[in-house]
Structures are given as structure tokens and as C-alpha cells.
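Counting with my numbering, you get residues 27 to 370 for the letters of the sequence shown. A short worksheet on the structure shown next.
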Amino acid sequence: MKNALTYITRKCPRHCEYCAIRNSKMPGELSPERWKEAFEVLENLGVDFNLILGNEAWLFGDKLAVFMKDTKTPYAIYTTASEPLFSKNVDFLLGKQIIDNLSCGFDFPNDVSSDMIDDDSYKKSQDAWKAFTYVRKKYPWVDTQGTMTVHRLNYKFLPKIVEQLQDIGVNIRVNFIHWDKDGAFDFFPRKEDIEELLFKESDYADLRKVLDKTLSIDKGYLQNPEFLKLPLEVLVEMGWHCQGDPYGGPTIDADGSLRVCGYRKGIYTSKFKIWDLKDPEKVKQWQEAVKKDAMECPGCSWSYPWMYHYWQNKEPEFGKDVFANHASKKLDIGKWKKRITDKY
Numbered sequence: 027m028k029n030a031l032t033y034i035t036r037k038c039p040r041h042c043e044y045c046a047i048r049n050s051k052m053p054g055e056l057s058p059e060r061w062k063e064a065f066e067v068l069e070n071l072g073v074d075f076n077l078i079l080g081n082e083a084w085l086f087g088d089k090l091a092v093f094m095k096d097t098k099t100p101y102a103i104y105t106t107a108s109e110p111l112f113s114k115n116v117d118f119l120l121g122k123q124i125i126d127n128l129s130c131g132f133d134f135p136n137d138v139s140s141d142m143i144d145d146d147s148y149k150k151s152q153d154a155w156k157a158f159t160y161v162r163k164k165y166p167w168v169d170t171q172g173t174m175t176v177h178r179l180n181y182k183f184l185p186k187i188v189e190q191l192q193d194i195g196v197n198i199r200v201n202f203i204h205w206d207k208d209g210a211f212d213f214f215p216r217k218e219d220i221e222e223l224l225f226k227e228s229d230y231a232d233l234r235k236v237l238d239k240t241l242s243i244d245k246g247y248l249q250n251p252e253f254l255k256l257p258l259e260v261l262v263e264m265g266w267h268c269q270g271d272p273y274g275g276p277t278i279d280a281d282g283s284l285r286v287c288g289y290r291k292g293i294y295t296s297k298f299k300i301w302d303l304k305d306p307e308k309v310k311q312w313q314e315a316v317k318k319d320a321m322e323c324p325g326c327s328w329s330y331p332w333m334y335h336y337w338q339n340k341e342p343e344f345g346k347d348v349f350a351n352h353a354s355k356k357l358d359i360g361k362w363k364k365r366i367t368d369k370y
């Protein structure tokens with residue numbers, strides 16, 4: 027198994043503080059034509075699955091057709107589903123089968139009151155729910171996944187969210203809140219800036235009850251149930267480590283430079299570009315750089331690399347289907363191996 031991750035854009039329609047910081051540090055992003063070449067490099071490297079992110083990948087709009095329609099590697103592609111971006115592109119991208127996956131992040135159930143949470147979290151969650159409802163009804167063949175980032179202010183909603191998503195046939199993945207532990211996590215704020223979101227030891231007993239309840243109601247749509255069984259210290263204190271191998275394949279930033287992983291740029295890895303990996307000798311050098319950078323990381327609790335390691339060690343072939351087709355031990359194969367394109 028060999029997974030990859032790409033940040034294909036650096037822009038975001040929400041204009042949040044993080045995006046402004048990231049935009050100021052990042053040079054120009056790759057053109058669609060260059061991304062087509064980058065995806066070919068990934069395929070030649072034997073990548074089995076590609077997680078496609080960005081501050082907003084759908085900003086490419088119909089230009090996604092240049093490099094996504096012919097992409098052979100199974101993927102997930104995330105969007106904030108914000109308006110008018112979503113409505114402008116959804117019927118072209120999904121109706122014309124340019125892409126066959128809709129993945130959104132959210133933090134709250136579809137019926138939470140707006141006076142309970144801040145405006146940005148509320149709007150983000152509502153946009154995601156509207157997108158899933160529309161797509162499940164109009165394009166039921168599209169592979170769908172919702173990812174919830176659990177923190178101290180929303181963890182009690184997790185069982186309800188799992189129920190609501192699996193009721194409409196959306197797969198669910200769970201992550202936990204992270205912070206910049208050592209100044210090198212360029213996607214996270216400092217711990218002191220998000221104290222209200224971080225769990226306290228006094229929350230642990232109740233959090234475990236919530237996670238146990240979530241596991242008990244899962245019908246097979248929860249993609250990382252094994253992850254939720256880990257000790258709470260690992261989950262909420264960034265207590266896991268990849269030991270030098272995040273997920274087997276490259277992480278590409280929006281300008282074509284490589285990162286050690288999705289959360290860290292790295293000192294040594296960032297000296298490489300995706301085009302360098304056309305050269306077998308450069309591939310070896312890149313692998314050494316990734317390991318060196320990763321071993322300097324204090325650790326994380328990101329479910330994506332954790333799941334890669336879990337299935338790599340347990341059942342690699344089934345693990346490929348977990349990422350590519352949302353395979354589940356609880357569901358019959360006919361209910362999860364249903365991506366209708368013949369790319370794969």
C-alpha cells in the first residue's frame with residue numbers, strides 16, 4: 027500500500043485568518059496542466075490512493091477536468107462546499123463524472139442551532155450538510171465522506187453526527203483537534219490560541235463514553251473505528267508517531283514542492299519537487315529526507331497516517347479498499363465496492 031496527499035490549491039473562499047497566512051507564504055500554485063503531470067508521477071510511483079486537499083480544491087472549477095477525468099488512482103477530494111462555489115460547479119463536476127468523490131469537513135450536526143456556535147463553524151457545517159443531502163439525492167453513485175474534527179466544544183455531538191450521516195449513506199471519518207507543538211506544524215495555531223477547544227483530563231471519562239456510544243451505533247460507515255479505541259492520551263494529546271513513514275507516498279504542496287506530510291513542511295523534504303521523483307535515485311534521497319524530517323516531529327493523532335500503518339501491518343490488500351472504496355468489515359462488499367467509473 028502506498029498513499030499520497032496533494033494540496034492542489036492555496037486559496038479559500040472563506041477568507042479565514044489561516045488562509046491569509048498560508049497565501050502570504052506560498053508562491054504561485056501549479057497550473058492544471060502541471061497537475062496532470064504531477065498525477066502521472068504519482069501513478070508511476072505506484073501510489074494506490076491520493077488524498078486531494080487544498081484550502082479549496084473546487085476553486086479550479088471546470089479546470090479540474092484537465093487532470094482529474096483521466097486520473098487512474100482512487101482518490102478523495104475535499105471541498106468546503108461554500109456558496110456560490112458549490113452550486114456553480116456541482117452538476118458539471120459530478121454530473122459529467124469529472125470527479126466521483128465528495129468529501130467535506132464539518133463540526134456539528136445538521137440541526138444544531140446557530141446561537142450555540144460561532145458563525146464560521148455553523149456556516150461550514152451547514153454548507154457540508156446541504157452538499158451531502160443534494161449529492162446523495164441527485165448523484166447517489168458518488169462516493170461520499172464527511173470528516174469531523176473532534177474537540178472539547180463538539181465531542182458530545184459525535185454519536186448524533188454518525189447517525190445522521192449513515193442514515194443518508196455518507197461515510198464518516200473522525201479526527202481530533204491538533205495544535206502547533208513545536209513551531210513546525212504550519213497548519214495549526216498555537217496551543218494558547220485554542221485553549222477552549224482542547225480537552226482537559228477531567229473530560230476523559232465522558233469522552234470515552236461518547237466514543238464507546240459512537241462505536242456501538244456504527245453500522246459500517248465509520249471508516250476508522252479502530253482508531254477511536256486508542257487510549258485517550260494518544261487521541262487528544264497528539265500521542266502517536268509514524269516513525270518516519272507518514273503514509274508511503276509523497277505529499278505535494280500547491281506549488282509542486284514536497285512536504286514531509288500534510289501537517290509539516292519539513293526542512294529536508296521541502297528541498298524536493300514532485301518532478302524530482304521521476305529519477306529513481308532522487309526517490310531514494312526523498313525517502314531519506316522524509317524519514318529524517320518525520321523523526322524530528324513530536325507526534326500527532328491524525329487518523330489518515332494512523333490508518334495507513336494499521337492496515338499495512340494488519341491486512342494490506344483490504345486496507346487498499348478501505349481508502350479507495352470505503353471498505354468496511356461490517357458491510358457486505360456489494361454495499362461498499364460501488365464506485366461506478368472504470369478508472370480503477
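Positions of the beta carbon are idealized from the N, C-alpha and C atoms, including for glycine. Predicted, not measured: the structure shown is a model, and the values here were computed from it.
- Under the criterion of beta carbons closer than 8 Å, Asn197 and Thr240 do not qualify as touching, at roughly 14 Å.
- Taken atom to atom, the span from the alpha-carbon of Pro100 to that of Leu119 is near 16 Å.
- For Ala315, the closest alpha carbon among the candidates Leu179, Lys235, Trp328 and Val286 is that of Val286.
- Lys245 carries a coil assignment under DSSP once its states are collapsed to helix, strand and coil.
- The secondary-structure analysis by DSSP pairs Tyr33 across a beta bridge with Leu79.
- DSSP places Phe132 inside the beta strand (DSSP E), whose first and last residues are Asn127 to Phe132.
- Your pair Trp266 and Ser327 checks out as a contact, with CB atoms roughly 5 Å apart and the cut at 8 Å.
- Membership of Arg199 in the beta strand (DSSP E) is indicated by the continuous run Asn197 to Phe202.
- Of the candidates Tyr230, Ile203 and Arg234, Ile203 places its Cα closest to the Cα of Asp219.
- For Pro342, no beta strand (DSSP E) run applies; the uninterrupted alpha helix (DSSP H) run containing it begins and ends at Pro342 to Asn351, by DSSP.
- Excluding sequence positions up to five before and after Gly282, its CB lies within less than 6 Å of the CB of Leu56, Lys299 and Ile300, all in the same chain and listed in chain order.
- A Cβ-Cβ contact shorter than 8 Å links Ala102 with Asn127.
- Residues Leu77 and Tyr273 of the same chain have their beta carbon placed closer than 7 Å to that of Tyr330, with the five preceding and five following residues left out of the count.
- Per DSSP, Val309 is one residue of the alpha helix (DSSP H) stretching across Pro306 to Met321.
- Straight-line measurement puts the Cα of Phe93 at about 8 Å from the Cα of Glu63.
- Exposure of Glu227 is indicated by the presence of fewer than 16 other C-beta atoms within 10 angstroms of its C-beta.
- The beta carbons of Ala210 and Arg36 sit about 19 Å from each other, so the pair does not count as a contact at 8 Å.
- The Cβ-Cβ distance between Pro276 and Ala30 falls below 8 Å.
- As summarised for the stretch 149-228, the continuous alpha helix (DSSP H) elements at least 4 residues long and confined to that stretch are 184-193, given in chain order.
- Within the model, the alpha-carbon separation for Pro110 versus Asp193 is close to 27 Å.
- CA-CA distance, Leu184 to Val176, rounds to 8 Å.
- Between Lys304 and Val67, the C-beta spacing is below 8 Å.
- Going by DSSP, Pro58 is part of no beta strand (DSSP E) but of the alpha helix (DSSP H) stretching over Pro58 to Asn70.
- Here the C-alpha atom of Glu69 lies approximately 33 Å from the C-alpha atom of Thr159.
- Taking each of Arg199, Ile34 and Asp208 in turn and checking the Cα distance to Glu252, the smallest one comes out for Arg199.
- According to DSSP, Cys326 shares a beta bridge with Trp266.
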